[in-house]
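A quick write-up on the structure given underneath.
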Amino acid sequence: MPRVLHALRTKGMAEVDAVAHAAGLTEDQAGGVLHELGDRGWARYRDGNRAKGWMLLGEGRAEAERLATAEMEASGQRSAVFDLYEAFKVLDPELKQACTDFQIRGDQTLNDHTDPDYDAAVIARLAEINRRVQPIMASLTDALGRFGHYGPRLNFALTQVVGGDINWFTKPSLDSYHEVWFELHEDLLVTLGIDRASELTVDSADA
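Residue numbers (the numbering used here): 63 to 269.
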């Protein structure tokens, strides 16, 4: 149950297959836990027109955060993980800008991907960001093993983009580079007990 709780906390909303992938379980195993969480009133399945998937409710979210805090304290790795989070934060605005530039060109027109040189330049930036984040991911995995799936997922998404399937850059319905990155960011915040709104406030004050 802890792995499913944590996967759902970091993803926000997800179908069974995505939860299973993030938690390192089979779909049957993850589905069984999700239904148990539903029976407890800790999670529910949202079947909306624009968004579908399992999501945590108040008690489930609180339990996921409690477990993450307990794991962090028991590991004795808080200082190391915080330093790696700070290193990740340096790259975060670069990744966000690359995603924006891949969707919208400098003249504020939508990128229709008919200019291969433009796309190649942005993809090269993505590859450089990935080169720099992978050592961070390796160190995070050494500190807390459950971070081990992020590096390979980022590499896989980049490989798809470089191979010509540009949907793997930002598409929400895929395990795209942007989606994995966002999930990783949320995981770091949950693990360290940092509120995303507080992080944005601190970043704005420092700017």
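The beta carbon of each residue, even a glycine, is placed where N, CA and C say it ideally should be.
A quick note: this is a predicted structure, and the numbers were derived from the prediction, not measured.
Residue state for G115 is assigned as strand, using DSSP reduced to three classes. A85 is positioned such that its CB atom lies no closer than 9 Å to that of Q139. If only complete runs of 4 or more residues are kept, the stretch 72 to 130 shows the alpha helix (DSSP H) at 78 to 85 and 89 to 102, in order along the chain. Taking H175 as reference, the option from N229, A132, A126 and E133 with the minimal CA-CA separation is N229. Under the DSSP definition of a beta bridge, L172 partners with I166.
Listed in chain order, the non-local C-beta contacts of F209 below 6 Å within the same chain comprise L202 and T203, local neighbours out to five positions each way being set aside.
In this structure, the CA atom of A186 is about 27 Å from the CA atom of D145. In this chain, the alpha helix (DSSP H) harbouring P214 covers Y212 to V224. Restricting attention to V252, E261 and E148, the CA atom closest to the CA of T72 is found in V252. CA-CA distance, E121 to V95, rounds to 15 Å. With a threshold of 16 other beta carbon atoms within 10 Å, G110 falls short and is exposed. Taken through DSSP and simplified to helix, strand or coil, Q196 comes out as helix. Across the set L87, E261 and A189, the C-alpha of A189 shows the shortest separation from the C-alpha of A219. Contact between the stretch 105 to 119 and the stretch 66 to 81 is present: three or more C-beta pairs spanning the two stretches fall below 8 Å. Distance between L216 and V195, taken at the CA atoms: about 9 Å.
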